[in-house]
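Residue numbers (my numbering), protein chains in the order written: chain A, 3 to 470; chain B, 3 to 470.
Think of the CB as a built atom: it goes at the ideal place given N, C-alpha and C, for glycine as much as any other residue.
Please read all numbers here as calculations on a predicted model, not as lab measurements.
Remarks on the structure that follows.
Number of protein chains: 2
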Amino acid sequence: MARVLTPQNEDFPRWYQDIVAKAELAENGPVKGQQVIRPTGFALWERMVAEMDDRIKETGAENASFPLLIPQSYLSKEAQHVEGFAPECWTVTHAGGKELEEPVVVRPTSETVIGESMSRWVKSYRDLPLLLNQWCNVMRYEMRTRLFLRSSEFLWQEGHTAHATFEDAAAYNRRILHEVYQDFMENVVALPVFTGLKTAAERFAGAINTFTCEAMMRDGKALQAGTAHELGQNFAKAFDIQYLGSDGKQHHAWTTSWGVSTRMVGALIMGHGDDSGLRVPPRLAPVQAYVMTVKDGEGVSEAAAKTHAALRAAGVRSKLNDRSDVAFGRRAVDAELKGYPVRLEIGPRDVAEGKAMLVRRIAGTKTQVSLDGVTEAVADALAADQDALYAEALKFREDHTSDVTTLDEAIEASATGFARLPWDACGTEGETRAAASAVTVRCLQRADGSVPDSEDEAGLVALLGRSY
Amino acid sequence: MARVLTPQNEDFPRWYQDIVAKAELAENGPVKGQQVIRPTGFALWERMVAEMDDRIKETGAENASFPLLIPQSYLSKEAQHVEGFAPECWTVTHAGGKELEEPVVVRPTSETVIGESMSRWVKSYRDLPLLLNQWCNVMRYEMRTRLFLRSSEFLWQEGHTAHATFEDAAAYNRRILHEVYQDFMENVVALPVFTGLKTAAERFAGAINTFTCEAMMRDGKALQAGTAHELGQNFAKAFDIQYLGSDGKQHHAWTTSWGVSTRMVGALIMGHGDDSGLRVPPRLAPVQAYVMTVKDGEGVSEAAAKTHAALRAAGVRSKLNDRSDVAFGRRAVDAELKGYPVRLEIGPRDVAEGKAMLVRRIAGTKTQVSLDGVTEAVADALAADQDALYAEALKFREDHTSDVTTLDEAIEASATGFARLPWDACGTEGETRAAASAVTVRCLQRADGSVPDSEDEAGLVALLGRSY
Ligand SMILES: [Zn+2]
Ligand SMILES: [Zn+2]
Numbered sequence: 003m004a005r006v007l008t009p010q011n012e013d014f015p016r017w018y019q020d021i022v023a024k025a026e027l028a029e030n031g032p033v034k035g036q037q038v039i040r041p042t043g044f045a046l047w048e049r050m051v052a053e054m055d056d057r058i059k060e061t062g063a064e065n066a067s068f069p070l071l072i073p074q075s076y077l078s079k080e081a082q083h084v085e086g087f088a089p090e091c092w093t094v095t096h097a098g099g100k101e102l103e104e105p106v107v108v109r110p111t112s113e114t115v116i117g118e119s120m121s122r123w124v125k126s127y128r129d130l131p132l133l134l135n136q137w138c139n140v141m142r143y144e145m146r147t148r149l150f151l152r153s154s155e156f157l158w159q160e161g162h163t164a165h166a167t168f169e170d171a172a173a174y175n176r177r178i179l180h181e182v183y184q185d186f187m188e189n190v191v192a193l194p195v196f197t198g199l200k201t202a203a204e205r206f207a208g209a210i211n212t213f214t215c216e217a218m219m220r221d222g223k224a225l226q227a228g229t230a231h232e233l234g235q236n237f238a239k240a241f242d243i244q245y246l247g248s249d250g251k252q253h254h255a256w257t258t259s260w261g262v263s264t265r266m267v268g269a270l271i272m273g274h275g276d277d278s279g280l281r282v283p284p285r286l287a288p289v290q291a292y293v294m295t296v297k298d299g300e301g302v303s304e305a306a307a308k309t310h311a312a313l314r315a316a317g318v319r320s321k322l323n324d325r326s327d328v329a330f331g332r333r334a335v336d337a338e339l340k341g342y343p344v345r346l347e348i349g350p351r352d353v354a355e356g357k358a359m360l361v362r363r364i365a366g367t368k369t370q371v372s373l374d375g376v377t378e379a380v381a382d383a384l385a386a387d388q389d390a391l392y393a394e395a396l397k398f399r400e401d402h403t404s405d406v407t408t409l410d411e412a413i414e415a416s417a418t419g420f421a422r423l424p425w426d427a428c429g430t431e432g433e434t435r436a437a438a439s440a441v442t443v444r445c446l447q448r449a450d451g452s453v454p455d456s457e458d459e460a461g462l463v464a465l466l467g468r469s470y
Numbered sequence: 003m004a005r006v007l008t009p010q011n012e013d014f015p016r017w018y019q020d021i022v023a024k025a026e027l028a029e030n031g032p033v034k035g036q037q038v039i040r041p042t043g044f045a046l047w048e049r050m051v052a053e054m055d056d057r058i059k060e061t062g063a064e065n066a067s068f069p070l071l072i073p074q075s076y077l078s079k080e081a082q083h084v085e086g087f088a089p090e091c092w093t094v095t096h097a098g099g100k101e102l103e104e105p106v107v108v109r110p111t112s113e114t115v116i117g118e119s120m121s122r123w124v125k126s127y128r129d130l131p132l133l134l135n136q137w138c139n140v141m142r143y144e145m146r147t148r149l150f151l152r153s154s155e156f157l158w159q160e161g162h163t164a165h166a167t168f169e170d171a172a173a174y175n176r177r178i179l180h181e182v183y184q185d186f187m188e189n190v191v192a193l194p195v196f197t198g199l200k201t202a203a204e205r206f207a208g209a210i211n212t213f214t215c216e217a218m219m220r221d222g223k224a225l226q227a228g229t230a231h232e233l234g235q236n237f238a239k240a241f242d243i244q245y246l247g248s249d250g251k252q253h254h255a256w257t258t259s260w261g262v263s264t265r266m267v268g269a270l271i272m273g274h275g276d277d278s279g280l281r282v283p284p285r286l287a288p289v290q291a292y293v294m295t296v297k298d299g300e301g302v303s304e305a306a307a308k309t310h311a312a313l314r315a316a317g318v319r320s321k322l323n324d325r326s327d328v329a330f331g332r333r334a335v336d337a338e339l340k341g342y343p344v345r346l347e348i349g350p351r352d353v354a355e356g357k358a359m360l361v362r363r364i365a366g367t368k369t370q371v372s373l374d375g376v377t378e379a380v381a382d383a384l385a386a387d388q389d390a391l392y393a394e395a396l397k398f399r400e401d402h403t404s405d406v407t408t409l410d411e412a413i414e415a416s417a418t419g420f421a422r423l424p425w426d427a428c429g430t431e432g433e434t435r436a437a438a439s440a441v442t443v444r445c446l447q448r449a450d451g452s453v454p455d456s457e458d459e460a461g462l463v464a465l466l467g468r469s470y
């Protein structure tokens with residue numbers, strides 16, 4: 003078969019470009035750095051949204067919608083925040099044919115405008131915790147862009163919460179990190195993630211602590227897949243979010259913010275894709291089973307339609323392709339590219355035998371199955387391949403993560419994967435040195451892999467790597 | 003009981019302002035005309051999105067995401083389109099601290115940028131129809147704004163499709179009008195709508211025909227709840243959307259676009275709300291049953307929790323309120339304001355008797371029901387009250403719609419509702435005259451109420467009214 007994609011080991015960035023184009027996932031928009039997410043790519047994001055939204059609501063948060071445009075003066079209210087975001091802003095200066103009195107920026111993130119609402123909504127300890135989330139678009143100016151990974155506009159969810167105490171804020175933020183993000187990434191997207199604390203250098207602008215989920219891509223680089231920030235009282239003080247406590251006194255609230263974006267689609271592509279295309283984990287897949295006619299006639303279309311209906315009735319997300327006006331080989335290559343977990347190919351001989359060919363994208367097998375038992379065979383394959391894809395990604399990560407004792411060794415190991423180095427052997431100075439080789443501390447963990455409360459804990463381990 | 007809202011018949015606009023604030027639906031954002039949609043309001047929109055999205059996908063359309071920013075030059079490619087939208091645009095002139103080479107506008111609607119994509123995606127008749135939809139935010143500059151009804155930024159879905167023939171485009175567009183919009187509005191939101199054709203004066207900028215769903219609010223005014231446009235070949239020619247036909251020749255495609263926005267929340271409020279607050283139709287309601295403890299102790303919380311769990315297990319969207327730190331009366335008023343279809347109030351005496359008080363927001367009744375049979379009683383109430391709310395809205399509309407024969411009568415009847423006037427007795431000249439009294443032709447229908455193909459059909463009836 004002619005090669006469809008540049009092989010990963012020949013040129014990984016080129017492979018990525020190829021797959022995004024050929025699987026019809028996304029393309030560039032007319033304005034620099036903006037992207038068009040095509041239906042095949044958007045369906046992946048829609049499934050991610052559904053899975054994350056369920057988990058976010060399970061924690062008690064409610065969705066809302068805040069404005070796209072933010073007065074420039076809002077950003078300036080928190081000193082580190084404006085320093086971090088002002089250079090990245092897209093600015094609206096005119097509307098309705100007239101110049102605006104004050105320029106406004108397209109939200110790069112919404113801590114400020116939501117902080118302003120919170121200051122009006124929070125009066126008493128009874129109003130806390132206030133748990134909000136929104137699904138929206140944000141914009142940040144980027145010089146070099148790559149579809150899904152770094153774009154001027156992206157889609158995301160941003161959660162914003164206010165709490166009565168530091169402890170309550172910290173505990174809720176950890177719940178988001180583990181019960182929402184890590185659970186979603188590992189159990190739905192089938193990508194193992196390292197969770198940990200960002201160093202001061204990598205912290206969100208305005209946060210006191212940033213926690214992260216770091217996934218390994220198939221070129222050994224890290225992708226920051228989600229972050230959850232403890233904002234302390236920084237935004238509560240800047241926006242005057244105060245509550246009357248049960249002690250009869252006014253207190254500033256403690257806030258958090260946390261987000262996962264369409265970068266996650268990039269993580270899915272680079273975390274699981276191979277030289278034939280995407281591999282989508284069954285639990286996430288918008289199309290779990292793809293029922294294809296090999297050619298027309300002899301009851302093939304009828305058998306395919308019946309199989310498709312049976313799968314749907316059994317709760318499988320099935321899609322039917324009986325377009326015999328397009329060559330079978332071309333449709334099969336397209337199915338491989340789009341990474342549908344299982345394919346059922348039905349031709350005249352299959353129908354005669356009461357069978358179908360079950361092609362598993364992840365296991366890489368082709369076996370004949372009886373049309374009578376097809377829904378069970380598909381369900382078994384989907385369950386097994388979800389686990390297999392996770393196990394494969396976990397093994398890849400383990401094979402590409404080294405324990406080292408010096409910074410030089412860490413930088414060397416980062417050429418092909420992650421390095422675990424005692425934080426004492428790195429430190430802020432080591433971070434600066436590593437940066438010269440495009441290596442960064444992805445996060446800090448305790449020796450047992452758990453997430454520390456602060457950088458000051460003794461015996462921390464730094465996870466280093468190159469990153470997207 | 004102290005009055006919570008300004009009564010509708012005293013001052014309808016004030017009633018609207020009151021309910022939007024007191025039911026915690028939305029408020030103004032910091033930039034002129036922008037809105038914050040609060041969790042209670044957003045949950046209504048989320049349910050609308052879910053119901054419409056199902057119906058849109060049922061027609062074969064797929065979701066995608068197109069850029070927020072559009073080059074100014076794109077708008078100019080279709081002459082009527084730029085004339086209609088350019089004065090309403092919000093313009094971005096700077097990014098990353100530098101002036102842009104070409105100013106870009108925040109999308110007021112996406113025909114142009116999607117047309118540009120379509121021109122690359124459509125090659126052959128095999129690629130048609132191309133059926134796309136996106137859920138997103140858009141911005142239009144507005145001098146006078148009102149929450150949900152007219153805001154500078156709003157949320158909506160915009161569908162964009164390309165077809166091989168005029169007939170296919172027209173048939174699909176009618177399917178959207180009736181099977182998606184009308185079905186959703188009448189069977190979910192419980193608001194009867196008149197469907198018809200817009201006159202040339204009211205047509206979408208760039209369309210050859212605009213079809214509309216017009217709902218009556220409780221002050222007798224019309225609200226345009228959704229529109230579906232036949233764009234002819236205007237955008238296909240402007241953006242060069244061509245396909246190779248089965249005849250071996252190149253043809254321009256025929257396109258459509260169609261949208262429903264967060265205005266629909268305004269329609270819900272003004273179409274069903276009363277002097278106590280919102281009334282949300284059960285099929286739409288994010289909270290269908292609200293289980294409240296009257297006060298603490300004597301097994302009340304346990305009985306409430308058990309009832310809530312039983313309702314959820316039965317598929318009812320139930321919410322539990324056992325906050326005995328807030329006075330019962332205040333919580334009951336809040337439940338009325340938010341329009342939860344049924345309330346189950348449980349106090350110590352109820353528990354002793356194995357009963358609960360079932361309060362129906364739409365029927366206006368309070369009856370004791372046995373806790374054993376509570377899920378059935380709730381299911382029955384929800385089904386009956388969905389129908390009752392629709393019947394009430396339909397009767398209101400019938401009582402406020404008059405058949406008239408002269409324009410003067412039509413203008414007079416429009417003071418309290420709609421007027422049906424032979425289009426021959428109105429015409430473009432009549433439209434201009436009516437406009438002086440703030441009365442417009444909402445749509446044209448055939449004498450039997452069905453939707454005409456064009457303004458040129460004989461015997462059409464014009465529906466006139468004041469509008470939002
Ligand atoms: Zn304080
Ligand atoms: Zn032509």
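Chain B within 9 Å of residue i, Cβ atoms only
i: V472(A); result: The first residue shown for chain A is 3 and the last is 470, placing residue 472(A) beyond what the model contains.
i: T407(A); result: no
i: F44(A); result: yes
i: S154(A); result: yes
i: W92(A); result: yes
Residue i in three-state terms, based on DSSP
i: T229(A); result: strand
i: M266(A); result: helix
i: L77(A); result: helix
i: I58(B); result: helix
i: S456(B); result: coil
i: R314(B); result: helix
i: E155(A); result: strand
i: M187(B); result: helix
C-beta neighbour in chain A for residue i, strict 9 Å
i: I243(B); result: no
i: I271(B); result: no
i: Q36(B); result: yes
i: D21(B); result: Residue 21(B) is actually Ile in this sequence, not Asp. Chain A contact via Cβ: absent.
i: E29(B); result: yes
Chain-ordered chain A contacts of residue i [CB-CB under 7 Å]
i: S263(B); result: Simply none; closest approach about 12 Å.
i: R176(B); result: The premise fails here: R176(B) is roughly 23 Å from chain A at the closest Cβ pair, so nothing lies under 7 Å.
i: G99(B); result: P89
i: M266(B); result: What M266(B) touches in chain A: nothing, since even the nearest Cβ is about 14 Å away.
i: Y143(B); result: A97 and G98
i: E48(B); result: N65
i: I39(B); result: A66 and S67
Interface residues of chain A facing residue i [CB-CB closer than 9 Å]
i: N236(B); result: Here the premise fails: no neighbours, minimum Cβ distance about 20 Å.
Cβ separation of residue i and residue j, assumed to be a contact under 8 Å, to the nearest whole Å
i: H162(A); j: T257(A); result: 7 Å
Contacts that residue i makes with chain A (C-beta to C-beta distance below 8 Å)
i: P32(B); result: P69, I72, P73, Y76, V115 and E118
Interface partners of residue i on chain B, CB under 9 Å
i: F128(A); result: Inspection of the sequence shows that residue 128(A) is occupied by Arg rather than by Phe. The answer, in chain order, is R325, D327 and V328.
Q) Going along the chain, which residues of the stretch 196-224 of chain A sit with their C-beta nearer than 8 Å to a C-beta in chain B? A) none
Check each residue of the stretch 310-328 of chain B: if its Cβ is closer than 9 Å to any Cβ of chain A, include it; give the result in chain order.
R325, D327 and V328
Relative to chain B, which residues along the stretch 63-78 of chain A have a C-beta separation below 8 Å, given in chain order?
E64, N65, A66, S67, F68, P69, L70, L71, I72, P73 and Y76
Exercise. Between the stretch 156-173 of chain B and chain A, which residues of the former have CB atoms less than 7 Å from a CB of the latter, in chain order?
Worked result: L157
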